[in-house]
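Residue numbers (the numbering used here): 17 to 231. These notes concern the structure reproduced below.
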Amino acid sequence: MSIVLALPKGRILKDAGPLLARAGIFPEADYADESSRRMRFPTNHPELDVIRVRSFDVATFVAFGAAQIGICGSDVLMEFDYPEVYAPLDLGIGQCRISVAEPKDDAGQTDFTRASRIRVASKYPNMAKKHFAAKGIQAEIVALNGAMELAPGLGLSRLIVDLVQTGSTLKANGLVETDVIAQVSSRLIVNRIALKTRPDEIGAWIEAFRKALSA
17 MSIVLALPKG RILKDAGPLL ARAGIFPEAD YADESSRRMR FPTNHPELDV
67 IRVRSFDVAT FVAFGAAQIG ICGSDVLMEF DYPEVYAPLD LGIGQCRISV
117 AEPKDDAGQT DFTRASRIRV ASKYPNMAKK HFAAKGIQAE IVALNGAMEL
167 APGLGLSRLI VDLVQTGSTL KANGLVETDV IAQVSSRLIV NRIALKTRPD
217 EIGAWIEAFR KALSA
């Protein structure tokens, strides 16, 4: 039975390319072509296939055993907190942060010591709730999967919680970061049961990635 490596679409897929090569993994060329309708790709290793899925779905595929290993942002791991997933390596790619942002003109005017409830737009409902709960604030989450930066200007929410890399998108939409919840990078993740039942195979791939990081 093949080992399945789950990779996220988008920016991390491009960042992961050189790392895969250093680990000796060469999927069929169209794995990196996001216009390709294929989702599963053989590699130069007959026992290893690659699948390409949404970044938020990588952890789910691994947690439920549909993929045995994967590359996943630590933001996804923090949001879902699957006990079935083990993350042995920080791959040092896809670096960004999860931040709170608000309109530039309102920045610094919210007294969080006196606020008891606030509306926040985010695709990270669990992380956002935990962050504000630690401040004694009940966060009403407006779940959005994109276009988060529009929410404050259109009255949908007071704040947003989102991934930030350069901050240019926030700036272009009149927002500023006011708090950093967590630093984010991509991790190698494995299914814990697969690691127990196929230790030699999974362990060999963990070691291949470990060597790729030091190459």
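Using N, Cα and C, we set each Cβ at its ideal position, and we do this for glycine too.
Secondary structure within the region 151-190: the beta strand (DSSP E) runs of 3 or more consecutive residues, fully enclosed, are 154-159, 175-180 (chain order).
The alpha-carbon separation between V192 and I19 amounts to approximately 43 Å. Nearest neighbour of C112 by Cα position, chosen from N207, F225, I218, V200, turns out to be V200. S52 is classed as exposed because its beta carbon has fewer than 16 other beta carbons within 10 Å across all chains shown. Distance from the CA atom of R133 to the CA atom of E95, rounded to whole angstroms, is 21 Å. Under DSSP, F80 forms no beta bridge with any residue.
Rounded to the nearest whole angstrom, the C-alpha separation of Y47 and L175 is 37 Å. For G219, the secondary structure class from DSSP, reduced to helix, strand or coil, is helix. With a beta-carbon spacing of about 7 Å, L107 and I87 fall inside the 8 Å limit used to define contacts. Check the Cα spacing between S184 and each of L36, P34, E165: the tightest is with E165. Beta-bridge partners of Q111 (DSSP): none assigned. Under the criterion of beta carbons closer than 8 Å, I114 and V177 qualify as touching, at roughly 7 Å. When DSSP states are grouped into helix, strand and coil, R203 belongs to the strand group.
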